[in-house]
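In the numbering used here, the protein residues as written are 2 to 243. Have a look at the structure below before the remarks.
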Amino acid sequence: MDAGVDEGLGQDLPPRQLPEIAFVGRSNAGKSTAINTLAQQKRLAFASKTPGRTQHINLFAVGPKDAPDALFADLPGYGYAAVARDAKLRWQRVMADYLGERESLSGVVLMVDSRLGLTELDKQLLEFVSDRVTAGEISLLLVLTKADKLNRKEGAAVMAQVQKDIAVLATEDSDIGITLFSALNKQGVGDVAELLYEWAHREPREYVEDEDLEGAEGDEAEADDEADGDEPDARPEADAPR
């Protein structure tokens, strides 16, 4: 992927036509390394030598250089204890506004250290996007980083626990995935890259207006009457690993 960078606070970001995929996670969760690996760049995103210093949302154009097809949004890491309280609150507002209101946001990738699982701060972050995820407005992928540090049994255990922790977000409309990931041995890299490509190239979701609900329900009921009812549901489990 070719990439460029645009930087600014959430409220300063200009409107974009390209779909945006946001990367979020605790400081030291491996977010910058994962972005660089997925974008096939060595120094696209980088971690500050002073954790907690980054205070911007960085936008990276990805895809063909002359016609990028998506933007990666690198949000500030959170959870670094030495950061002043007022700075933490300011970053929290920036992320909450961006994740909750950004119209061009297509999906959110939450980076979680697989050795820790979902922390309370990660769960608080998920609250910023819960309404949009459950409504199917944006997709969610939980990437359990540094999986090379775990054996198979430990990996399966953390996957099961994270699935349990986010079960409340699983609805008929939601699109949620979980995967183990290691930039070191490339575990999960291909699967994540393929999924993000799908996010960037899918057709915009169409919503039924309130005044059309009655007619849409009638059409659905008529279609159900004509169906034989034996067709299996092809939709994957919302919280199944990708």
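Every residue, glycine too, gets a C-beta built ideally from N, C-alpha and C.
- Rounded to the nearest whole angstrom, the C-alpha separation of residue 38 and residue 77 is 18 angstroms.
- Contact annotation: residue 21 and residue 140 have beta-carbon atoms that are not nearer than 8 angstroms.
- Linking residue 130 to residue 160 through their CA atoms gives a straight-line distance of about 21 angstroms.
- Linking residue 112 to residue 32 through their CA atoms gives a straight-line distance of about 6 angstroms.
- Contact between the stretch 181–194 and the stretch 61–77 is absent: fewer than 3 CB-CB pairs across the two stretches fall below 8 angstroms.
- When Cβ pairs closer than 8 angstroms are counted between the two stretches, the stretch 166–181 is seen to touch the stretch 120–137, the count reaching three or more.
- Comparing C-alpha distances from residue 114 to each of 155, 195, 30 shows the shortest one belongs to 30.
- Assignment of residue 131 by DSSP, reduced to helix, strand and coil, places it in the helix class.
- In this chain, the alpha helix (DSSP H) harbouring residue 194 covers 190–202.
- Less than 8 angstroms divides the Cβ of residue 27 from the Cβ of residue 79.
- The bridge partners DSSP lists for residue 180 are 144.
- As summarised for the stretch 58–132, the continuous beta strand (DSSP E) elements at least 3 residues long and confined to that stretch are 58–64, 71–75, 106–114, given in chain order.
- If you draw a straight line from the Cα of residue 75 to the Cα of residue 97, it is about 14 angstroms long.
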